[in-house]
Structures are given as C-alpha cells and as structure tokens.
C-alpha cells in the first residue's frame with residue numbers, strides 16, 4: 048500500500064510539473080506572439096469581415112479563423128525587404144501540413160480531409176515569406192491552409208505571390224492581407240467540412256508610398272483574375288482589408304485641416320498686425336507733417 052501511495056504521489060507531482068511547464072512556456076510564447084500582433088496589422092487594426100473569426104497569432108503572421116468554415120478567412124503579414132532576404136537564405140524544408148491544436152477539435156481540419164479530392168491544401172501565408180525556421184514551420188499548420196485547385200496554384204497563384212514579394216523588395220516594406228471568398232453555393236471537403244472558396248484574393252498597402260493594390264482570382268483553371276480597388280473588396284466580397292488606412296486617411300485630413308486653420312489664422316493675424324502698423328505709421332506721419340504751433344509772446 049505504501050509503495051502504491053508513493054507511486055501515486057510521484058505521478059501526481061509529475062503531472063502537475065508537466066502542466067506548469069506547459070502553461071509557463073506556452074503562455075510565454077503566446078504572450079510574445081500577441082506582443083508582435085499589432086505590428087502585423089497596418090495602424091494596429093485587423094481586417095473587418097461580415098463573418099466572425101478567431102484571431103490566431105503567429106510569430107510573423109496572423110490568421111482570421113472561422114470555426115463555421117473550418118478554414119481561415121484571411122491572413123495578415125507585415126513583410127520587409129530584410130525579412131525576405133533572411134527567408135531566401137533558409138535551407139529547403141520538407142515540412143508537411145499538420146493539424147493545428149490551437150483550434151477546437153470539432154472545427155479542426157485534418158489531412159484526411161484532403162484525401163481523394165481535387166483540391167490541395169495551399170497556404171494563405173506563403174512559406175517563402177517566413178524569415179526563420181520557426182515561423183516557416185508555423186506556416187504549415189492547417190489553419191493556414193485553404194482548399195485550392197493545384198493547377199491554379201502552380202500556374203497562376205505562385206506567380207502572383209512572387210510579384211507581391213518583388214514589390215516588397217522594391218519598396219522596403221508592405222502590409223499584405225490574403226483571403227478567400229464564397230460567391231456561390233458552398234462546397235465542403237471531408238469529414239470536417241472544410242469549405243472550398245470560389246475566389247482567392249490578395250491586397251497590399253505600401254505605407255511609404257501611401258498606395259496599394261488588390262487582386263482576386265477564381266479558384267479554378269483557366270484562371271480568371273482581375274485587379275480591384277478596396278471599395279470593391281468591401282462591397283462585393285464583404286472584407287475591409289485595411290481599416291487602419293481609412294482611420295489614417297481621416298487623421299491626415301484632420302491634421303491637414305487643422306494645419307490649414309492655423310495657417311489661415313496666422314495669415315489673418317499678420318494682416319491685422321500689418322493694418323495696425325500701417326495705421327500707426329499714418330498717424331505718426333500726420334503728426335510730423337502737421338504745422339508747428341505758433342508761439343505767442345506776452346507783451
């Protein structure tokens with residue numbers, strides 16, 4: 048009995064110690080990721096959608112995951128030229144997609160869902176964007192995967208991703224949002240019912256140049272892609288990729304208006320001061336030019 052009791056207490060302490068270690072290290076890692084999270088979004092604001100999402104944090108990207116669709120609706124990155132140079136130096140990896148234990152098992156995609164179907168798990172955040180091995184491994188979580196036509200991925204989407212990376216290299220940094228749209232009757236894969244998007248889109252904002260672009264493609268071959276403005280993304284697809292841009296634009300307008308008011312006030316004050324100075328000068332001039340008073344001597 049004593050031996051059994053000792054074993055019981057030893058096992059209990061080991062379980063508690065394991066739980067403590069898992070909580071401490073996981074919490075530290077999660078806090079570190081969440082500390083980076085605002086920097087991933089332009090002006091610290093995530094995309095706005097009509098559907099509710101849970102934000103999943105990575106070291107260098109974030110995902111807006113929909114448990115109803117068993118898929119992420121969008122991904123967010125803040126890419127820099129330095130980060131892409133680091134990514135290019137990483138060795139080729141043979142990592143495969145894996146289930147993400149950060150989401151409930153009832154809404155968690157599995158690799159079996161992609162067996163014997165005409166779609167492949169394709170990343171929202173490209174593996175090639177990740178600047179270190181830890182982030183690259185994170186990008187293989189199935190929360191970062193969407194069902195994509197493999198021919199469309201190889202023939203069209205990869206070249207679009209390459210062109211966006213080229214823009215980052217030329218402009219030093221960019222905020223990038225990649226997402227999906229469901230514009231027709233929903234099709235779902237596997238036991239876990241991963242919804243297949245009809246369209247895939249990507250938007251970019253270049254903060255130094257204060258300009259951006261977006262493109263949307265049908266998830267099929269032959270590829271049908273077209274460039275969009277952000278109003279079309281909001282009105283047609285139901286996503287505002289960069290709400291921070293609007294708030295920044297409003298702040299810029301307010302600051303410009305305030306600056307104009309200050310300039311107008313300064314000009315008005317200068318005009319008043321000039322008028323007063325001119326009036327004073329005229330009074331002095333009149334006083335100087337006035338005839339001198341006659342001195343009358345007393346008899």
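In the numbering used here, the protein residues as written are 48 to 346.
Backbone N, C-alpha and C fix where the C-beta goes; we use that ideal spot for every residue, glycine too.
Cutoff 7 Å; reference residue i; Cβ partners in own chain excluding five residues on either side
{"i": "residue 117", "result": "154, 156, 239, 240, 241, 242"}
{"i": "residue 200", "result": "167, 169"}
{"i": "residue 285", "result": "96, 97"}
{"i": "residue 180", "result": "137"}
{"i": "residue 140", "result": "183"}
{"i": "residue 205", "result": "none"}
{"i": "residue 87", "result": "108, 109, 123, 124, 125"}
Which listed residue (the options) has its alpha carbon closest to that of residue i
{"i": "residue 257", "options": "284, 226, 221, 285", "result": "221"}
{"i": "residue 289", "options": "265, 149, 244, 250", "result": "250"}
{"i": "residue 101", "options": "191, 137, 128", "result": "191"}
{"i": "residue 124", "options": "193, 225, 280", "result": "225"}
{"i": "residue 143", "options": "151, 161, 122", "result": "161"}
{"i": "residue 278", "options": "287, 270, 271", "result": "287"}
{"i": "residue 149", "options": "171, 189, 182, 136", "result": "189"}
{"i": "residue 126", "options": "209, 140, 151, 285", "result": "209"}
{"i": "residue 109", "options": "152, 163, 182", "result": "182"}
{"i": "residue 216", "options": "255, 163, 270", "result": "255"}
{"i": "residue 203", "options": "194, 270, 141, 140", "result": "270"}
Assigned exposure category for residue i - 16 Cβ within 10 Å defines buried
{"i": "residue 145", "result": "exposed"}
{"i": "residue 98", "result": "exposed"}
{"i": "residue 231", "result": "exposed"}
{"i": "residue 171", "result": "buried"}
{"i": "residue 151", "result": "exposed"}
Cutoff 8 Å; reference residue i; Cβ partners in own chain excluding five residues on either side
{"i": "residue 274", "result": "260, 261, 262"}
{"i": "residue 207", "result": "249, 262, 264, 272"}
{"i": "residue 198", "result": "268"}
{"i": "residue 304", "result": "Residue confidence for residue 304 is low, a pLDDT of 48 falling below 50, so the modelled location carries little weight; the figure read from the coordinates is stated next. Contacts found: none."}
Distance, residue j Cα to residue i Cα
{"i": "residue 147", "j": "residue 106", "result": "15 Å"}
{"i": "residue 112", "j": "residue 247", "result": "15 Å"}
{"i": "residue 165", "j": "residue 196", "result": "7 Å"}
{"i": "residue 10", "j": "residue 120", "result": "For the chain, the structure presents residues 48 to 346; residue 10 sits outside this window and is missing."}
{"i": "residue 214", "j": "residue 227", "result": "22 Å"}
{"i": "residue 173", "j": "residue 281", "result": "24 Å"}
{"i": "residue 134", "j": "residue 128", "result": "10 Å"}
{"i": "residue 211", "j": "residue 219", "result": "12 Å"}
{"i": "residue 184", "j": "residue 95", "result": "27 Å"}
{"i": "residue 158", "j": "residue 132", "result": "31 Å"}
{"i": "residue 138", "j": "residue 175", "result": "11 Å"}
{"i": "residue 235", "j": "residue 186", "result": "22 Å"}
{"i": "residue 266", "j": "residue 245", "result": "5 Å"}
{"i": "residue 163", "j": "residue 237", "result": "9 Å"}
{"i": "residue 193", "j": "residue 115", "result": "14 Å"}
{"i": "residue 104", "j": "residue 122", "result": "10 Å"}
{"i": "residue 276", "j": "residue 293", "result": "14 Å"}
{"i": "residue 93", "j": "residue 283", "result": "19 Å"}
DSSP beta-bridge partners of residue i
{"i": "residue 125", "result": "222"}
{"i": "residue 170", "result": "192"}
{"i": "residue 250", "result": "224, 261"}
{"i": "residue 114", "result": "None, per the DSSP bridge assignment."}
{"i": "residue 102", "result": "111"}
{"i": "residue 275", "result": "261"}
{"i": "residue 242", "result": "235"}
{"i": "residue 96", "result": "286"}
{"i": "residue 182", "result": "DSSP output for residue 182 lists no bridge partner at all."}
{"i": "residue 145", "result": "188"}
{"i": "residue 119", "result": "112"}
Neighbourhood of residue i by C-beta, 6 Å cutoff - its chain only, sequence neighbours within 5 removed
{"i": "residue 130", "result": "178"}
{"i": "residue 89", "result": "222, 252, 289, 291"}
{"i": "residue 233", "result": "242"}
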